[in-house]
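K.L.:
Numbering (the numbering used here), first residue to last: 63 to 277. Dropping the structure in here first, questions after.
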């Protein structure tokens, strides 16, 4: 998976759906890393529960990018997880500890803790990943409201430079997000195609939806 085609739609909301192991999340993480290294912009990853980042899950989320050499030549050697953020880091042999970048690469945010997130400002976040937005189980109570509140916390008013990527490994035609965003023709889409929908007040918001072909 790469983001080339869906980025051409210039939509603030972008849905990527396919089977597992198609590289959707990897592509968005790579976009966040590129923007930090080249534009000094940050990312945010949203999950439903704060436990989704615990028990080692947060610590290993970026390992594939590092192992594929995406940090080669950047001056950084690691992406480490601490204080609910991921940081670019490198080992300082003199101090016998890691040296971290001055600001996080990416924030870890959970819908279950949306009230806590309101206490932090995210002016440099320009890429948001909501991973597994279609759950294997049930949705949270008032989940869409929680999601929109989280985005409002990140984006604030008048910002137009933020792209939201919503990735899913399964497609459930009665998804909460399809209903709330008015995506009425998802079922008719073919693999390998992109459709653009509008929703919200005066149909002012665009949602680009890409059904990825099976690899």
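C-beta: ideal position from N, C-alpha, C; glycine also.
Ends of the alpha helix (DSSP H) at residue 119?
P.N.:
Start and end: 119–122.
K.L.:
Rounding to the nearest angstrom, what Cα-Cα distance links residue 269 and residue 258 in this structure?
P.N.:
Going from the Cα of residue 269 to the Cα of residue 258 covers about 6 Å.
K.L.:
Residue 244 to residue 144, Cα distance in whole Å?
P.N.:
Distance between the alpha carbons of residue 244 and residue 144: 38 Å.
K.L.:
Only counting the same chain, and skipping five residues up and downstream in sequence, which positions put a Cβ closer than 6 Å to that of residue 76?
P.N.:
These residues qualify, in order along the chain: 68, 227 and 270.
K.L.:
Determine the direct distance from the alpha carbon of residue 172 to that of residue 206, and round the result to whole angstroms.
P.N.:
Near 13 Å, if we compare the C-alpha coordinates of residue 172 and residue 206.
K.L.:
Going by C-alpha distance, which of 262, 248 and 238 is nearest residue 256?
P.N.:
Minimum Cα distance to residue 256 is reached at 248.
K.L.:
Pull up the distance between the alpha-carbon of residue 126 and that of residue 134, whole angstroms please.
P.N.:
About 13 Å.
K.L.:
Would you call the region 147–164 in contact with the region 174–191, where contact means no fewer than 3 C-beta pairs closer than 8 Å?
P.N.:
With the cut-off at 8 Å, the region 147–164 and the region 174–191 do not touch.
K.L.:
Since I believe residue 169 is in contact with residue 151 (beta carbons under 8 Å), could you give me their beta-carbon distance rounded to a whole number of angstroms?
P.N.:
Residue 151 to residue 169, Cβ: 16 Å. No contact.
K.L.:
Cα separation between residue 39 and residue 200?
P.N.:
In the structure as shown, the chain starts at 63 and stops at 277, and residue 39 therefore has no counterpart that could be examined.
K.L.:
Compute the distance between the beta-carbons of residue 104 and residue 176, then report whether it is under 9 Å.
P.N.:
It is not a contact, given that the beta carbons lie outside the stated cut-off.
K.L.:
Which residues bound the beta strand (DSSP E) around residue 257?
P.N.:
Element bounds for residue 257: 255–261.
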